[in-house]
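Here the protein sequences come in this chain order: S and W. In this text, residue positions in the first sequence follow the working numbering: the first is 1, and each later residue adds one. In this text, residue positions in the second sequence follow the working numbering: the first is 447, and each later residue adds one. For every residue, glycine included, the Cβ atom is placed at its ideal position computed from N, Cα and C. Just so we're clear, the structure is a prediction, and the values are computed from it rather than from any experiment. Since the structure comes first, as structure tokens, the remarks are kept for the end.
Number of protein chains: 2
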Amino acid sequence: MTGSTTGADARPHVVVVGGGFGGLAVARGLASSPVRVTLLDRKNHHLFQPLLYQVAMAGLSPADISAPIRAVLSAQENTQVLLATVEGVDLAARRLTTDLGAVEYDYLILAAGACSTWFGHDDWARHAPGLKDLDDAIEIRHRVLAAFEAAEREPDPARRARHLTFVVIGGGPTGVELAGALAELARTVLARDFRRIDPASARVVLVDGGNRILQAFSEDLSAAAAAQLERLGVVVRTGLRVAAVDADGLTAGDERIEAGTILWAAGVVGSPLARTLGVPLDRAGRVCVLPDLSLPGHPEVFCIGDMAACLDDAGAPLPGLAPVAMQQGRFVAGVVRDALVGLPLSRPRFRYRDKGSMATIGRSAAVAQLGRLELTGFAAWFAWLAIHILFLIDFRNRAVVLFNWIWSYFTYKRGARLITGSGLPRAAERPPPSTERDDCANGAAP
Amino acid sequence: MTGSTTGADARPHVVVVGGGFGGLAVARGLASSPVRVTLLDRKNHHLFQPLLYQVAMAGLSPADISAPIRAVLSAQENTQVLLATVEGVDLAARRLTTDLGAVEYDYLILAAGACSTWFGHDDWARHAPGLKDLDDAIEIRHRVLAAFEAAEREPDPARRARHLTFVVIGGGPTGVELAGALAELARTVLARDFRRIDPASARVVLVDGGNRILQAFSEDLSAAAAAQLERLGVVVRTGLRVAAVDADGLTAGDERIEAGTILWAAGVVGSPLARTLGVPLDRAGRVCVLPDLSLPGHPEVFCIGDMAACLDDAGAPLPGLAPVAMQQGRFVAGVVRDALVGLPLSRPRFRYRDKGSMATIGRSAAVAQLGRLELTGFAAWFAWLAIHILFLIDFRNRAVVLFNWIWSYFTYKRGARLITGSGLPRAAERPPPSTERDDCANGAAP
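This is the structure:
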């Protein structure tokens with residue numbers, strides 16, 4: 001279908017699936033190449049995922065961390081953007097099947113990302129939503145704000161305590177960010193707004209099955225993060241594996257925790273599109289790519305970002321971070337450009353240049369690992385702030401987010417405390433998830 | 447239930463239903479009075495409704511025009527805010543029934559607003575959504591942005607033209623604002639973002655049954671508004687009564703208009719709560735109040751804002767505008783304060799001080815009636831901008847909105863072009879409404 005619209009255009013057709021950091025980097029890297037580029041995404045917006053937890057915690061609006069993919073690429077004349085859901089790939093015929101019909105390609109770059117997984121416990125999803133897109137974030141914001149409202153309305157002390165207990169499952173960066181932001185929300189933002197409850201009495205528990213949080217960081221930074229979280233009032237519980245999740249709480253280890261709100265930050269799995277390819281996947285459902293990021297036997301097909309299992313020199317898969325996806329995208333654009341002019345016979349190998357990683361915990365609290373340099377506290381937080389604002393996709397978002405943060409920093413207020421949609425749950429009822437919670441059940445899609 | 451929590455508190459209990467302009471004005475007017483105030487709303491946020499069309503047209507984010515009611519009133523110690531749905535009023539027993547249980551009052555102020563009405567054609571609602579709350583605005587934003595996407599994907603010229611036809615029904619301020627903003631969206635914001643369609647070729651039709659748009663304004667201003675709309679490319683069709691609305695368009699007069707998106711700005715009706723009172727209502731379902739805004743036979747119950755039919759000196763009902771609701775709220779707070787000290791024996795009469803009204807059409811285009819002064823074009827637009835920013839509920843929103851406007855003005859971009867939720871409709875399918883479209887079918891509620 002896409003082929004037909006450009007008629008007799010003889011330029012090779014490069015199809016990019018996914019408008020995240022990886023997909024956009026590929027498209028931009030081909031801006032002045034003699035190809036036509038089609039970027040497919042089932043959403044109309046690029047999402048600045050590192051700040052998604054801020055939307056979930058009412059600090060930022062959805063539009064502050066998003067940009068229409070069309071607008072991002074509008075000046076790039078060889079590129080078209082289509083909203084489409086990719087249903088499968090016929091590698092032999094070099095053709096995608098989508099809800100818009102078939103799309104033929106000469107080069108294909110799969111950058112469809114990852115989605116939450118509950119490790120076979122799909123029934124947990126409705127009680128413990130994950131955080132992968134804006135709908136997830138709005139749903140979590142709704143649940144968190146509604147929990148305080150429900151506590152304010154609840155005369156029974158036990159039920160009130162349950163409404164005021166928040167459990168975050170998973171001690172990676174997302175779990176740490178959610179737990180820290182939640183504790184801050186309760187202790188500062190909401191502190192004076194209720195009459196019957198004291199929001200500061202809310203319990204925020206961060207549960208992780210491993211022996212420390214932030215395992216991707218050094219032990220020192222792990223310990224510093226745990227200490228900073230505890231200073232905010234978060235109870236950090238490591239070595240506690242979740243055995244069951246239900247509407248009223250969870251069982252972790254031998255322990256029962258009654259909780260009105262449970263958030264899932266414990267695992268992601270490669271886009272279900274990977275499973276339709278018929279190529280080897282790793283345990284996390286990611287495509288095992290060759291060192292040049294192409295698929296075995298298909299030098300014209302690449303897979304990048306969270307959807308790919310790309311091993312580093314030590315044989316460990318690269319982490320699911322924006323810089324990895326962006327570097328891979330630029331790398332693949334280069335490989336395609338080289339191939340267009342017949343160069344080189346042997347492909348280069350992708351190498352990730354690790355400029356560091358960081359996790360934020362709260363106001364003036366974060367940890368950062370920048371090469372050998374380890375930062376904690378205000379210095380790490382300030383570095384985190386500066387880098388995240390610099391990387392925001394366009395000027396306006398940068399300015400709005402900066403303004404929101406300065407405002408929040410000095411006033412202890414948050415700007416996006418909205419409960420929209422179905423409103424408050426009645427009595428003991430929980431709000432229905434606004435979207436299908438197990439993203440992976442939705443069929444293959446970017 | 448509310449009574450019990452304050453125990454033996456002997457202060458009179460003032461219950462305010464609704465956290466809009468009217469309800470907030472009452473609560474604030476009683477800040478230092480020897481009463482306890484309970485404000486009930488089924489939403490957690492005050493909404494700056496005059497700018498709601500900007501959210502629907504992707505110019506502003508929902509949080510930019512909202513403020514948590516709790517935060518607005520948090521410093522006011524005699525006031526509590528409860529999220530509750532009011533189901534009915536027992537005037538004789540001085541008691542509300544809510545989903546939280548019964549709430550007893552000494553004074554009751556009903557300020558539950560209005561909702562869209564399709565004049566008995568409730569089946570039109572799903573094809574032609576109204577614009578009364580944030581969920582409506584997000585739904586309309588979704589439909590409008592998705593229509594351009596659908597047109598981009600559509601090979602058939604007739605269907606493509608239908609996707610690019612937008613009809614706004616109702617030539618009041620909301621309809622004029624929607625039509626103008628829609629035309630601007632198509633002609634400037636989206637102009638360069640598509641590859642197969644020219645968004646500027648979109649047809650925006652404003653349909654009204656009367657002989658001119660903006661009937662509340664002078665004939666000169668009506669004509670000026672129509673001319674400004676036509677300059678933006680809007681087709682203004684007056685004297686055309688809508689006879690039928692379906693998924694593919696509408697019949698108006700003898701004419702069939704094929705349209706992919708239809709918006710309803712043709713009528714509102716008082717909150718369904720009014721119908722539970724057993725008091726006389728006007729044709730638009732509003733409570734017929736006495737000159738002091740109280741209910742006949744119930745000097746302790748008041749009704750204000752869009753929910754009330756308050757007649758001016760000429761016997762015409764006051765318009766549903768924020769200044770009317772705010773002045774009425776302050777007036778009723780004064781009546782209650784007087785009553786607390788036993789004054790006066792005869793109640794004053796509410797008089798609306800009309801400081802003017804305005805409608806915006808687009809960039810540098812508006813009409814304003816300020817007493818005898820009539821403004822059009824840039825002067826009216828600038829006055830509109832200044833007044834709306836001044837009235838935004840708190841400092842942060844003011845600054846963010848101002849920034850967004852300056853940014854949009856100079857870049858012709860809009861910041862909130864998000865399609866969230868269920869994503870795009872497939873093929874010819876329409877997106878399901880995100881909420882029940884006929885607000886009035888939801889039972890009595892603020």
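Output, in chain order, the set of chain S residues within a Cβ distance shorter than 7 angstroms of residue i.
i	result
Leu591 of chain W	Asn44
Arg641 of chain W	Gln80
Arg638 of chain W	Ser74
When you compare each of the options to residue i by their alpha carbons, which one comes out closest?
i	options	result
Trp118 of chain S	S:Ala111, S:Arg126, S:Ala112	S:Arg126
Gly618 of chain W	W:Leu636, W:Trp851, W:Leu667, W:Ile586	W:Leu667
Val590 of chain W	W:Arg457, W:Leu470, W:Pro769, W:Tyr499	W:Tyr499
Leu529 of chain W	W:Asp581, W:His491, W:Gln495	W:His491
Arg797 of chain W	W:Glu746, W:Val614, W:Lys578, W:Leu739	W:Leu739
Ile511 of chain W	W:Val847, W:Gly788, W:Ala811, W:Ile865	W:Val847
Arg658 of chain W	W:Ala646, W:Ala673, W:Ser647	W:Ala673
Ala583 of chain W	W:Leu493, W:Ala768, W:Ala538	W:Leu493
Ala592 of chain W	W:Gly616, W:Ala785, W:Pro645	W:Pro645
Leu131 of chain S	S:Ala158, S:Arg42, S:Leu295, S:Val176	S:Val176
Leu696 of chain W	W:Pro726, W:Ala513, W:Ala779, W:Phe612	W:Phe612
Leu485 of chain W	W:Arg702, W:Arg793, W:His459	W:His459
Arg363 of chain S	S:Asp156, S:Ala380, S:Arg42, S:Arg256	S:Ala380
Thr531 of chain W	W:Glu585, W:Ala632, W:Asp545	W:Asp545
Arg677 of chain W	W:Val501, W:Gly823, W:Val527	W:Gly823
Ala811 of chain W	W:Gly817, W:Phe828, W:Arg799, W:His744	W:Phe828
Gly761 of chain W	W:Ala456, W:Val735, W:Ala768	W:Val735
Thr174 of chain S	S:Met57, S:Asp313, S:Asp41	S:Met57
Just confirm the distance between the C-beta atoms of residue i and residue j, as a whole number of angstroms; I'd bet it's less than 8 angstroms.
i	j	result
Ser664 of chain W	Glu533 of chain W	Not quite, the Cβ-Cβ distance comes to about 43 angstroms (not below 8 angstroms), so this is no contact.
Val781 of chain W	Ala755 of chain W	Not confirmed; about 18 angstroms, so no contact.
Gly285 of chain S	Ala274 of chain S	6 angstroms
Leu580 of chain W	Asn850 of chain W	Their Cβ separation, rounded to whole angstroms, is 16 angstroms, which puts Leu580 of chain W and Asn850 of chain W out of contact at 8 angstroms.
Pro68 of chain S	Arg540 of chain W	53 angstroms between Cβ atoms; not a contact.
Ala473 of chain W	Leu519 of chain W	6 angstroms
Val324 of chain S	Ala225 of chain S	Contact doesn't hold; Cβ gap of about 21 angstroms is too wide.
Val725 of chain W	Pro742 of chain W	7 angstroms
Ile865 of chain W	Lys43 of chain S	7 angstroms
Gly270 of chain S	Leu277 of chain S	10 angstroms between Cβ atoms; not a contact.
So if DSSP puts residue i in a beta bridge, which residue, or which two residues, is it bridged to?
i	result
Pro155 of chain S	Paired residue(s): none; Pro155 of chain S is not in a bridge.
His609 of chain W	Note: His609 of chain W sits in no beta bridge, so no partner.
Glu104 of chain S	S:Arg95
Leu741 of chain W	W:His744
Ile262 of chain S	S:Val167
Arg683 of chain W	W:Val653
Ile257 of chain S	S:Leu250
Does the ligand FAD have a heavy atom nearer than 7 angstroms to the CB of residue i?
i	result
Ile69 of chain S	The ligand FAD is absent from the structure shown, which contains no ligand whatsoever.
Name the chain S residues whose beta carbon is nearer than 8 angstroms to that of residue i?
i	result
Phe837 of chain W	Chain S residues near Phe837 of chain W: none, gap ~18 angstroms exceeds 8 angstroms.
Arg818 of chain W	Near Arg818 of chain W there are no residues of chain S at all, since even the closest Cβ is about 40 angstroms away, more than 8 angstroms.
Determine the chain W residues that contact residue i at a beta-carbon separation under 7 angstroms, and present them in chain order.
i	result
Ala63 of chain S	Ser507, Gly861, Ala862, Leu864
Using a Cβ cut-off of 8 angstroms, pull out every chain W residue sitting near residue i, in sequence order please.
i	result
Glu149 of chain S	Asn490, Leu529
Arg153 of chain S	Leu528, Leu529, Ala530, Leu546
For the segment 67 to 100 of chain S, which residues have a beta carbon sitting closer than 7 angstroms to at least one beta carbon of chain A? Annotation note: the requested chain A is absent from the structure, which comprises protein chains S and W.
Any 3 or more C-beta pairs closer than 8 angstroms across the segment 135 to 155 of chain S and the segment 180 to 194 of chain S: Output reads yes: the segment 180 to 194 of chain S touches the segment 135 to 155 of chain S.
Segment contact, 8 angstroms Cβ cut-off, at least three pairs: the segment 546 to 558 of chain W with the segment 687 to 707 of chain W: Segments in contact, no.
Touching or not, the segment 647 to 659 of chain W and the segment 676 to 683 of chain W, by the rule of three or more beta carbon pairs under 8 angstroms? Verdict: yes, contact present.
Can you find at least 3 beta carbon pairs, one from the segment 604 to 612 of chain W and one from the segment 706 to 716 of chain W, that sit closer than 8 angstroms? Contact holds: three or more Cβ-Cβ distances are below 8 angstroms.
Using 8 angstroms as the Cβ pair cut-off and three pairs as the minimum, do the segment 323 to 337 of chain S and the segment 286 to 305 of chain S touch? A contact is defined here as three or more CB-CB pairs under 8 angstroms, and the segment 323 to 337 of chain S meets this definition with respect to the segment 286 to 305 of chain S.
Stretch-stretch touch, CB-based, cutoff 8 angstroms, three pairs: the segment 356 to 369 of chain S with the segment 175 to 184 of chain S: Touching, yes.
Touch check for the segment 22 to 31 of chain S and the segment 68 to 77 of chain S: three-plus C-beta pairs under 8 angstroms? Yes, the segment 22 to 31 of chain S is in contact with the segment 68 to 77 of chain S.
Count Cβ pairs between the segment 455 to 473 of chain W and the segment 554 to 562 of chain W that sit closer than 8 angstroms; are there 3 or more? Touching, yes, given that three or more Cβ pairs across the two stretches are closer than 8 angstroms.
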